[in-house]
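Novice: Protein chains in written order, with the UniProt record's numbering: chain B, 1 to 312; chain W, 1 to 312.
Glycine included, C-beta positions come from ideal geometry on N, C-alpha and C.
2 protein chains.
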Amino acid sequence: MTAVFGHLNPDTDAITSALVYARLLSRQGVTATAYRLGEPNNETRFVLVQAGQEVPPLLTDLPAGSEVALVDHNESAQSLPGLAELSVTHVVDHHKLGDLTTSQPATLRFEPLGCTATLLLKLHREAGLTVEPLDARLMLSAILSDTLEFRSPTTTAQDREAVAFLAPIAGIDDVTGYAMQMFAAKSDLGDTPADQLLQMDYKVFPFGADGQRWGLGVIETTNPGYVFGRQPELLEAMRREKEASGLTGVLLSVVDILNETNRTLVPSGTEAQVVQAAFGAPTADDVADLGARISRKKQVVPTLEAHFAAQG
Amino acid sequence: MTAVFGHLNPDTDAITSALVYARLLSRQGVTATAYRLGEPNNETRFVLVQAGQEVPPLLTDLPAGSEVALVDHNESAQSLPGLAELSVTHVVDHHKLGDLTTSQPATLRFEPLGCTATLLLKLHREAGLTVEPLDARLMLSAILSDTLEFRSPTTTAQDREAVAFLAPIAGIDDVTGYAMQMFAAKSDLGDTPADQLLQMDYKVFPFGADGQRWGLGVIETTNPGYVFGRQPELLEAMRREKEASGLTGVLLSVVDILNETNRTLVPSGTEAQVVQAAFGAPTADDVADLGARISRKKQVVPTLEAHFAAQG
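1) Is the Cβ of residue 67/B closer than 9 angstroms to any Cβ of chain W?
2) Taking 9 angstroms as the CB-CB cut-off, is residue 201/W touching chain B?
3) Thinking C-alpha only, which one of 248/W, 39/W, 21/W is nearest residue 33/W?
4) Report buried or exposed for residue 56/B, applying the criterion of at least 16 other Cβ atoms within 10 angstroms of its Cβ.
5) Relative to the alpha-carbon of residue 203/W, which residue among 10/W, 2/W, 3/W, 1/W has its alpha-carbon at the smallest distance?
6) Could you tell me whether any Cβ in chain B is nearer than 9 angstroms to the Cβ of residue 101/W?
7) Run through chain B and tell me which residues come within less than 8 angstroms of residue 107/W, C-beta to C-beta.
8) Please check the pair residue 151/W and residue 257/W, which I expect to be a contact at CB under 8 angstroms, by giving their CB distance rounded to whole angstroms.
9) Cα separation between residue 122/W and residue 237/B?
10) I'd like the ranges of any beta strand (DSSP E) spanning at least 3 consecutive residues and lying wholly in the UniProt domain "DHHA2" (179-308) of chain W.
11) If you drop the 5 nearest sequence neighbours on each side, which residues of the same chain put their C-beta closer than 7 angstroms to that of residue 207/W?
12) Helix, strand or coil for residue 44/W per DSSP?
13) Please report the residue range of the alpha helix (DSSP H) in which residue 13/B lies.
14) Counting only the same chain and skipping the five closest in sequence on each side, list residues whose C-beta sits under 6 angstroms from that of residue 254/W.
15) Would residue 334/W pass as an interface residue toward chain B - the criterion being a Cβ-Cβ separation below 9 angstroms?
16) Counting contacts by CB-CB distance shorter than 9 angstroms, is residue 307/W in contact with chain B?
17) Taking C-beta pairs closer than 9 angstroms, name the residues in chain B that residue 104/W reaches, listed in chain order.
18) What does residue 109/B pair with, by DSSP beta-bridge criteria?
19) Within the same chain, show all residues whose beta-carbon is closer than 8 angstroms to that of residue 171/B, passing over the 5 residues directly before and after it, in chain order.
20) Please state whether DSSP places residue 154/B in a helix, a strand or coil.
21) If I'm right that residue 74/W touches residue 61/W with Cβ under 8 angstroms, what's the distance once you round it to whole angstroms?
22) Out of 115/W, 70/W, 14/W, 281/W, which has the shortest C-alpha to C-alpha gap to residue 2/W?
23) Taking a cut of 8 angstroms between CB atoms, which residues from the segment 124-149 of chain B lie near chain W?
24) Within 10 angstroms of the Cβ of residue 209/B, are there 16 or more other Cβ atoms? Answer buried if so, exposed if not.
25) Buried or exposed: where does residue 41/B fall if 16 or more other Cβ atoms within 10 Å of its Cβ makes it buried?
26) Taking Cβ positions, are residue 5/B and residue 105/W nearer each other than 9 angstroms?
27) Please classify residue 58/W: does DSSP put it in a helix, a strand, or coil?
28) Just mark residue 283/B as buried or exposed, buried being the case when its beta carbon has 16 or more other beta carbons within 10 Å.
29) Please report how far the alpha carbon of residue 131/B lies from the alpha carbon of residue 169/B, in whole angstroms.
30) Along the chain, where does the beta strand (DSSP E) that runs through residue 67/W open and close?
31) My output table needs one value for residue 77/W: the three-state DSSP class, helix, strand or coil.
32) Using 9 angstroms as the threshold, is the C-beta distance between residue 66/W and residue 99/W below it?
33) Can you tell me the Cα-Cα spacing of residue 175/W and residue 47/W, whole angstroms?
34) Mark residue 173/B as exposed unless 16 or more other C-beta atoms lie within 10 angstroms of its C-beta, in which case mark it buried.
35) In angstroms, rounded to a whole number, what distance separates the CA positions of residue 141/W and residue 16/W?
36) Just grab the DSSP bridge partners of residue 3/B for me.
Here's what the structure looks like:
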């Protein structure tokens with residue numbers, strides 16, 4: 001049995017792509033079960049409820065040697081603990097290749113697309129398999145989520161075509177209306193504790209030759225006012241996380257989906273200095289305006305990587 | 001311009017897959033040129049002459065940041081020096097994933113098949129592109145070479161189907177007769193110096209937690225008697241290489257293609273001890289009988305990896 005899962009702190013793509021890929025592998029003769037590595041966010045819950053799809057079970061560990069298929073990630077820091085001891089047989093991902101290795105030749109599929117689900121649709125087509133309405137809805141939702149309904153610079157023509165192809169199969173007539181419902185669900189953060197808000201879409205990245213580790217969180221919202229209303233507790237949560245995990249820096253980008261802007265919380269002078277040097281953005285009142293850099297993957301991380309690489 | 005190349009000490013798959021993939025990328029709008037990282041062996045020369053295909057130019061280095069597409073390999077030790085400073089945009093490979101990383105999301109295609117060319121045929125089909133006769137001949141040759149005409153345990157049903165599909169396009173009626181000509185060309189080693197014989201199909205692998213590096217050569221031949229007739233000079237060449245490159249061990253497997261056996265040259269007690277422990281094979285007169293283990297990738301390397309991993 002192959003366990004299929006997306007990254008820690010799962011987003012909609014991480015959870016739905018595990019579900020869709022597990023079903024695709026099963027149709028191709030590979031016994032596979034979808035799991036999640038963390039709590040679904042409110043957007044993902046909305047998507048699953050609307051689809052009539054149960055939340056996949058939580059996975060916390062596996063015996064060494066177990067066969068696993070990774071979706072929407074490949075770096076060990078974003079995966080199940082002990083990944084190096086597992087047997088990775090399949091990967092479907094749209095991120096840069098990190099520290100993944102395989103002990104045997106495996107089936108790896110990486111393309112520079114806006115969303116893993118766009119690649120999963122290609123896999124269906126290449127295999128000559130019809131797309132079931134449930135899978136169509138899940139893939140479409142993932143693409144709208146990852147590309148912020150095509151607003152993100154990570155969006156490709158293939159992502160747009162995939163949504164156009166999937167919408168009628170999924171029975172979704174008003175794609176923009178559906179996307180707005182998803183984003184509203186994501187923005188409904190209620191009384192979520194600040195620690196959880198920070199961790200919702202949060203990844204740790206190694207930077208530079210001296211092995212610095214930085215935690216980079218993102219809150220994509222149609223209601224940034226709510227997030228900035230909780231700025232003091234979020235800054236406190238960031239400082240606690242930095243201390244607890246021995247990180248060099250922590251940043252939390254508040255992305256205004258509708259206005260396509262990024263205002264980032266900066267918890268100390270260490271981060272402020274790097275944000276100034278890397279992005280040319282000053283920090284005022286613990287906030288740096290990163291302009292239209294709404295993609296962590298395509299805009300924030302590469303700029304930080306270039307900055308730290310230039311430090312030698 | 002994207003430079004496309006296979007591994008150092010190129011075999012037929014490494015050279016022909018670079019040619020075929022460069023043309024495929026060009027047809028898909030990516031300006032690409034095929035290169036080789038070393039001298040073609042006699043089998044590859046035979047294949048290229050028969051196909052009327054010029055030998056691709058030798059590549060020895062590229063400026064940092066250059067875009068490259070790797071075929072038939074992914075580990076830096078088997079690639080162009082300074083790979084980490086290049087921008088890997090595409091990989092097509094059938095080996096396990098090693099130390100490759102990419103600085104940006106890239107197009108990576110790995111499948112556990114007998115040959116890179118089998119995967120290249122899939123890429124043509126997925127893209128809805130016809131296969132040109134020259135490319136068909138090159139892909140067919142690579143598959144016959146890598147699978148030893150389906151004798152190797154790395155052979156999959158897809159490799160067999162690919163050859164059956166390609167043969168009529170390539171205009172090759174007698175596939176077995178053509179394979180025998182290829183293997184005869186490969187076995188015609190003439191007065192090749194012993195150092196070159198060792199390096200013809202030679203890769204360096206890291207083993208174990210203590211960072212040992214081993215050089216593993218293979219000579220696939222229909223005429224093992226010729227190779228063993230040069231045993232003393234080959235053993236000397238292995239000892240020189242071990243010393244010069246600071247390796248822990250060097251092995252040279254002489255694979256009898258037609259009888260599907262592997263008799264391996266063992267230059268010192270260090271290697272003899274490991275071969276005994278890992279394969280249960282005693283060394284006599286500097287030769288260990290590894291039986292039917294004719295695949296370095298599928299049989300020799302995994303056994304050595306398991307042996308060194310068990311050493312802790």
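Specialist: For this structure:
1) Mapped onto the first sequence, residue 67/B falls at position 67. Put simply, the CB of residue 67/B is far from chain W, with every gap to its CB atoms at 9 angstroms or more.
2) As a first step, residue 201/W is located in the second sequence; it is residue number 201 there, counting from the start. At least 9 angstroms separates the CB of residue 201/W from every CB of chain B.
3) Residue mapping note: residue 33/W aligns to position 33 of the second sequence, counting from 1. Comparing Cα positions, the closest option is 21/W.
4) Walking along the first sequence from the start, residue 56/B turns up at place 56. Under this definition residue 56/B is a buried residue.
5) Your numbering for residue 203/W matches position 203 in the second sequence. Among 10/W, 2/W, 3/W, 1/W, the Cα nearest to that of residue 203/W belongs to 10/W.
6) Within the second sequence, the letter at position 101 stands for residue 101/W. It does: the Cβ of residue 101/W has a partner Cβ on chain B nearer than 9 angstroms.
7) Translated into positions along the second sequence, residue 107/W becomes position 107. In chain order: 110, 111, 112.
8) On the second sequence, position 151 is the one that residue 151/W refers to. On the second sequence, position 257 is the one that residue 257/W refers to. Confirmed, Cβ separation roughly 7 angstroms.
9) Translated into the one-based positions of the second sequence, residue 122/W becomes position 122. Translated into the one-based positions of the first sequence, residue 237/B becomes position 237. Those two C-alpha atoms are separated by around 50 angstroms.
10) The UniProt domain "DHHA2" (179-308) of chain W contains these whole beta strand (DSSP E) runs: 202-207, 212-221, 249-256, 261-265, 287-289.
11) As a first step, residue 207/W is located in the second sequence; it is residue number 207 there, counting from the start. Counting only Cβ-Cβ distances below 7 angstroms, and skipping sequence neighbours, we find 214, 304, 305, 308.
12) Counting from 1 along the second sequence, the entry for residue 44/W is found at position 44. Three-state result, residue 44/W: helix.
13) As a working mapping, residue 13/B is identified with position 13 in the first sequence. First-last of the alpha helix (DSSP H) with residue 13/B: 12-27.
14) To locate residue 254/W, count along the second sequence from 1; it is residue 254. Contacts found: 219, 224, 227, 263.
15) Because chain W here runs from 1 to 312, residue 334/W falls outside it and cannot be looked at.
16) Position 307 of the second sequence, counted from the start, is the residue given in the question as residue 307/W. At a cut-off of 9 angstroms between C-beta atoms, residue 307/W does not count as an interface residue with respect to chain B.
17) For the purposes of this step, residue 104/W is taken as residue 104 along the second sequence, with counting starting at 1. Ordered by position in chain B, the residues that pass the 9 angstroms Cβ test against residue 104/W are 96, 112, 298, 302.
18) The count along the first sequence starts at 1 and reaches residue 109/B at position 109. For residue 109/B, DSSP records a beta bridge to 92/B, 109/W.
19) The sequence position of residue 171/B within the first sequence is 171, counting from 1. Within the same chain, residue 171/B has close Cβ partners 133, 137.
20) Within the first sequence, the letter at position 154 stands for residue 154/B. Note: residue 154/B maps to coil in three-state DSSP.
21) Numbered from 1 along the second sequence, position 74 holds the residue referred to as residue 74/W. Numbered from 1 along the second sequence, position 61 holds the residue referred to as residue 61/W. Actually they do not touch by this definition, with Cβ atoms about 19 angstroms apart.
22) Taking the first residue of the second sequence as 1, we reach residue 2/W at position 2. If we check each option's Cα against that of residue 2/W, 70/W comes out closest.
23) For the segment 124-149 of chain B, residues whose beta-carbon sits nearer than 8 angstroms to a beta-carbon of chain W comprise 126.
24) Here residue 209/B refers to the residue found at position 209 when the first sequence is read from its first residue. It counts as exposed.
25) For the purposes of this step, residue 41/B is taken as residue 41 along the first sequence, with counting starting at 1. Residue burial is scored here from C-beta neighbours: residue 41/B has at least 16 other C-beta atoms within 10 angstroms and is therefore classed as buried.
26) Residue mapping note: residue 5/B aligns to position 5 of the first sequence, counting from 1. Residue mapping note: residue 105/W aligns to position 105 of the second sequence, counting from 1. Not a contact, by the Cβ cut-off of 9 angstroms.
27) Numbered from its first residue, the second sequence carries residue 58/W at position 58. In the structure shown, the three-state DSSP call for residue 58/W is strand.
28) For the purposes of this step, residue 283/B is identified with residue 283 of the first sequence, where counting begins at 1. Looking at its Cβ environment, which holds 16 or more other Cβ atoms inside 10 Å, residue 283/B is buried.
29) In the first sequence, counting from the first residue as 1, residue 131/B sits at position 131. In the first sequence, counting from the first residue as 1, residue 169/B sits at position 169. Using only the alpha carbons, I get a separation of about 8 angstroms.
30) Locating residue 67/W in the second sequence gives position 67, where the first residue counts as 1. Looking at the DSSP string, the run of the beta strand (DSSP E) that includes residue 67/W is 67-71.
31) Translated into the one-based positions of the second sequence, residue 77/W becomes position 77. DSSP places residue 77/W in the helix class (H, G or I) of the three-state scheme.
32) The residue you call residue 66/W lines up with position 66 of the second sequence. The residue you call residue 99/W lines up with position 99 of the second sequence. Judged by beta-carbon spacing, residue 99/W lies beyond the 9 angstroms limit of residue 66/W, meaning their Cβ atoms are not closer than that value.
33) To locate residue 175/W, count along the second sequence from 1; it is residue 175. To locate residue 47/W, count along the second sequence from 1; it is residue 47. If you draw a straight line from the Cα of residue 175/W to the Cα of residue 47/W, it comes to about 13 angstroms.
34) Looking up residue 173/B in the first sequence gives position 173. By the neighbour-count rule (16 or more Cβ atoms within 10 Å), residue 173/B is not buried but exposed.
35) Residue numbering aside, residue 141/W sits at position 141 when the second sequence is read from its first letter. Residue numbering aside, residue 16/W sits at position 16 when the second sequence is read from its first letter. Cα to Cα, residue 141/W sits roughly 8 angstroms from residue 16/W.
36) Taking the first sequence and counting its residues from 1, the one referred to as residue 3/B is at position 3. According to DSSP, residue 3/B bridges with 33/B, 68/B.
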